[in-house]
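Input: a single structure, listed below in structure tokens.
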Ligand code: PDD
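Now the structure itself:
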């Protein structure tokens, strides 16, 4: 089945989708994005993603070409026509196509660009990796200083991911001034020997994960202690459990960091419990 995608107001087969070579996202990474997961053919935390999109747009003084209601409609239509039961929807809004390459922003009346496409991922929720966990390496965080804005500047995270793969690992945890900021495309956590979840506090240093917000809320509701503070790679290696969260992987155990086992190197009790609560609650609230 040819995938139907949404480009600047039109639903088209992916092979016919076109954007201008002068699109600001292509030339300047002048665009923001969101990734929303789909379970049971429904959107997980659409509201959270729509709100963060608006925040990213506001921070960059960019306009959205559509309203939140229209955005929801486009997401739903793509899920419907592409028959997605489990998968992801990628959405990108850009400052549009200027008349020519120019560092200055294009005139105010330049229409913003918008692209959405689906990724069919059967088995997303029952991912076997959640049973065995993943291995990460540490990697210096050399990204820009506004990581709270979800821009399409993803070259550095991509380099981190490749460095991990070259070492036979799955992902990299980025480290700045001795402390973990986040994963290449996810938020990072540890569980202390006392059973407290520790994750870096919100600031411009990390993306304000939508999954993070939900997971911390559910953890607190389940009377699990949460500490929002920075932690080092060493503390993580000596923790009881470690994990990451993202819209595309939900809650995923980390069992090895820079070749050192976390706990006994197998998936512990807390992370699968949180994953289960997250999936159950989010499925109930899906739209
Ligand atoms: N990435 N931190 C970074 C740097 C991210 O890129 C992401 C998401 C997250 C987790 O945010 P959320 O829980 O809202 O997905 C944290 C998406 C999934 C991606 O780039 O594919």
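Residue numbers (this note's numbering): 1149 to 1435.
A virtual CB, placed ideally from N, CA and C, is assigned to each residue, including glycine.
In this text the structure is predicted, and so the values were computed from the model without any measurement.
Next on the checklist: With a threshold of 7 Å on Cβ separation, who are the neighbours of residue 1400 within its own chain once the five nearest residues in sequence on each side are excluded?
Outcome noted: Numbered from its first residue, the chain shown carries residue 1400 at position 252. 1277, 1278, 1282, 1391, 1392.
Checklist entry - Should residue 1358 be counted as a contact of the ligand PDD given a C-beta to heavy atom distance under 6 Å? => result Residue numbering aside, residue 1358 sits at position 210 when the chain shown is read from its first letter. Look at residue 1358: its beta carbon is less than 6 Å from one of the heavy atoms in the ligand PDD.
Next on the checklist: What does the alpha-carbon distance come out to for the pair residue 1190 and residue 1345?
Outcome noted: Residue numbering aside, residue 1190 sits at position 42 when the chain shown is read from its first letter. Residue numbering aside, residue 1345 sits at position 197 when the chain shown is read from its first letter. Approximately 29 Å, taken between the alpha carbons.
Checklist entry - Does the ligand PDD have a heavy atom nearer than 6 Å to the CB of residue 1207? => result Taking the chain shown and counting its residues from 1, one reaches residue 1207 at position 59. Checking every heavy atom of the ligand PDD against the Cβ of residue 1207, none is found closer than 6 Å.
Item to check | Contact check, residue 1410 vs residue 1387, beta carbons under 7 Å | outcome: Walking along the chain shown from the start, residue 1410 turns up at place 262. Walking along the chain shown from the start, residue 1387 turns up at place 239. Going by C-beta atoms, residue 1410 is nearer than 7 Å to residue 1387.
Next on the checklist: Let me check understanding here. Comparing Cα to Cα, which of 1235, 1356, 1402, 1152 lies closest to residue 1188?
Outcome noted: Start at 1 with the first residue of the chain shown, and residue 1188 comes out as number 40. Minimum Cα-Cα distance from residue 1188 among the listed residues 1235, 1356, 1402, 1152 corresponds to 1235.
Item to check | Option nearest residue 1210 by Cα separation, candidates 1180, 1402, 1198 | outcome: As a working note, residue 1210 is residue 62 in the chain shown. Considering only alpha carbons, the answer is 1180.
Next on the checklist: Measuring straight from C-alpha to C-alpha, what distance separates residue 1317 and residue 1376?
Outcome noted: Within the chain shown, numbered from 1, the residue matching residue 1317 stands at position 169. Within the chain shown, numbered from 1, the residue matching residue 1376 stands at position 228. Our two residues, residue 1317 and residue 1376, have alpha carbons roughly 27 Å apart in a direct line.
Item to check | Exposure label - residue 1358; buried when at least 16 CB within 10 Å | outcome: On the chain shown, residue 1358 is found 210 positions in, with the first residue counted as 1. Buried.
Checklist entry - Straight-line CA distance for residue 1272 to residue 1255? => result As a first step, residue 1272 must be located in the chain shown, where it is residue number 124. As a first step, residue 1255 must be located in the chain shown, where it is residue number 107. Distance from the CA atom of residue 1272 to the CA atom of residue 1255, rounded to whole angstroms, is 42 Å.
Item to check | Spatial distance of residue 1355 from residue 1414 (CA atoms) | outcome: One-based indexing of the chain shown puts residue 1355 at position 207. One-based indexing of the chain shown puts residue 1414 at position 266. Straight-line Cα distance between these residues: approximately 28 Å.
Checklist entry - Under 6 Å from any heavy atom of the ligand PDD, does the C-beta of residue 1268 make it? => result Taking the first residue of the chain shown as position 1, residue 1268 is located at position 120. The answer is no for residue 1268.
Checklist entry - Taking C-beta to C-beta, are residue 1330 and residue 1336 nearer than 7 Å? => result For the purposes of this step, residue 1330 is taken as residue 182 along the chain shown, with counting starting at 1. For the purposes of this step, residue 1336 is taken as residue 188 along the chain shown, with counting starting at 1. Cβ atoms of residue 1330 and residue 1336: closer than 7 Å.
Checklist entry - Less than 7 Å separating the beta-carbons of residue 1328 and residue 1379? => result Residue numbering aside, residue 1328 sits at position 180 when the chain shown is read from its first letter. Residue numbering aside, residue 1379 sits at position 231 when the chain shown is read from its first letter. For residue 1328 and residue 1379, yes; Cβs fall inside 7 Å.
Next on the checklist: I need the straight-line Cα distance from residue 1365 to residue 1430, nearest angstrom please.
Outcome noted: Position 217 of the chain shown, counted from the first residue, corresponds to residue 1365. Position 282 of the chain shown, counted from the first residue, corresponds to residue 1430. Looking at the two C-alpha atoms, the distance is approximately 12 Å.
Checklist entry - What's the gap between the Cα of residue 1157 and the Cα of residue 1408? => result Counting from one through the chain shown, the residue named residue 1157 turns up at place 9. Counting from one through the chain shown, the residue named residue 1408 turns up at place 260. Going from the Cα of residue 1157 to the Cα of residue 1408 covers about 50 Å.
Item to check | Alpha carbon of residue 1416 to alpha carbon of residue 1389, nearest angstrom | outcome: By one-based count along the chain shown, residue 1416 stands at place 268. By one-based count along the chain shown, residue 1389 stands at place 241. So the alpha carbons of these two residues sit roughly 6 Å apart.
Item to check | Other residues of its chain near residue 1290: CB distance less than 8 Å, five sequence neighbours each side excluded | outcome: Numbered from its first residue, the chain shown carries residue 1290 at position 142. Hits under 8 Å: 1304.
Checklist entry - Helix, strand or coil for residue 1308 per DSSP? => result Locating residue 1308 in the chain shown gives position 160, where the first residue counts as 1. Helix, per DSSP.
Checklist entry - Looking at the unbroken alpha helix (DSSP H) that takes in residue 1196, where does it start and where does it end? => result Mapped onto the chain shown, residue 1196 falls at position 48. Where residue 1196 is concerned, the enclosing alpha helix (DSSP H) stretches over 1194-1207.
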